[in-house]
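Protein chains: 2
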Amino acid sequence: MSKIPLAAMDRIIREIGAERVSEDAKEALREILEDEAKELIRRADRISKHAGRTTIVKEDIHLAK
Amino acid sequence: MSKIPLAAMDRIIREIGAERVSEDAKEALREILEDEAKELIRRADRISKHAGRTTIVKEDIHLAK
Numbered sequence: 156m157s158k159i160p161l162a163a164m165d166r167i168i169r170e171i172g173a174e175r176v177s178e179d180a181k182e183a184l185r186e187i188l189e190d191e192a193k194e195l196i197r198r199a200d201r202i203s204k205h206a207g208r209t210t211i212v213k214e215d216i217h218l219a220k
Numbered sequence: 156m157s158k159i160p161l162a163a164m165d166r167i168i169r170e171i172g173a174e175r176v177s178e179d180a181k182e183a184l185r186e187i188l189e190d191e192a193k194e195l196i197r198r199a200d201r202i203s204k205h206a207g208r209t210t211i212v213k214e215d216i217h218l219a220k
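These protein sequence lines are chains A and B, in that order. Counted from 1, the first sequence has number 169 at position 14 by our numbering; the numbering is strictly sequential. Counted from 1, the second sequence has number 163 at position 8 by our numbering; the numbering is strictly sequential.
Below you can see the structure in the form of structure tokens.
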């Protein structure tokens with residue numbers, strides 16, 4: 156049911172320069188990010204409706220952060 | 156320089172059931188998640204070193220959250 160590929164975690168880890176990261180840690184990171192994404196989208200959805208719109212725009216995401 | 160594919164944002168948006176999300180909003184969401192991932196990995200890296208390890212494990216990620 157994962158939505159963000161683990162390869163994306165690898166790319167971010169390499170960019171940061173962290174040397175060794177266990178597979179379990181990558182999975183935990185992905186899960187945290189997916190939960191955060193869901194919460195952000197839910198809040199942004201309420202914010203866009205509150206503004207009388209049906210489309211979530213960039214500003215809704217930033218306000219939801 | 157993006158590490159998380161936009162398609163992952165689409166999958167999460169569909170799961171939440173948000174009807175319409177602008178492309179700009181998806182990009183903003185991705186950027187927030189990538190920044191959050193970097194910050195989490197940096198903190199987890201310090202936490203693992205503090206514990207005398209060189210490998211980041213799941214518990215470091217959870218502590219960094």
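Beta carbons: idealized from backbone N, C-alpha and C, even for Gly.
- Around M164 of chain A, the same chain offers K181, L184, R185 as residues with beta carbons nearer than 6 Å, after the five sequence neighbours per side are excluded.
- Cα atoms of D215 of chain B and K213 of chain A: separation of roughly 32 Å, rounded to the nearest angstrom.
- Going by DSSP, S177 of chain A is part of no alpha helix (DSSP H) at all; its letter is neither H nor E.
- Between T209 of chain B and R197 of chain A, the C-beta spacing is not below 7 Å.
- Taking a Cβ-Cβ threshold of 7 Å, the residues of chain A close to K213 of chain B are S177, D179, A180, A183, in chain order.
- The beta carbons of R166 of chain A and K193 of chain B sit no closer together than 7 Å.
- Interface residue (Cβ-Cβ distance to chain B less than 7 Å): L218 of chain A is not classified as such.
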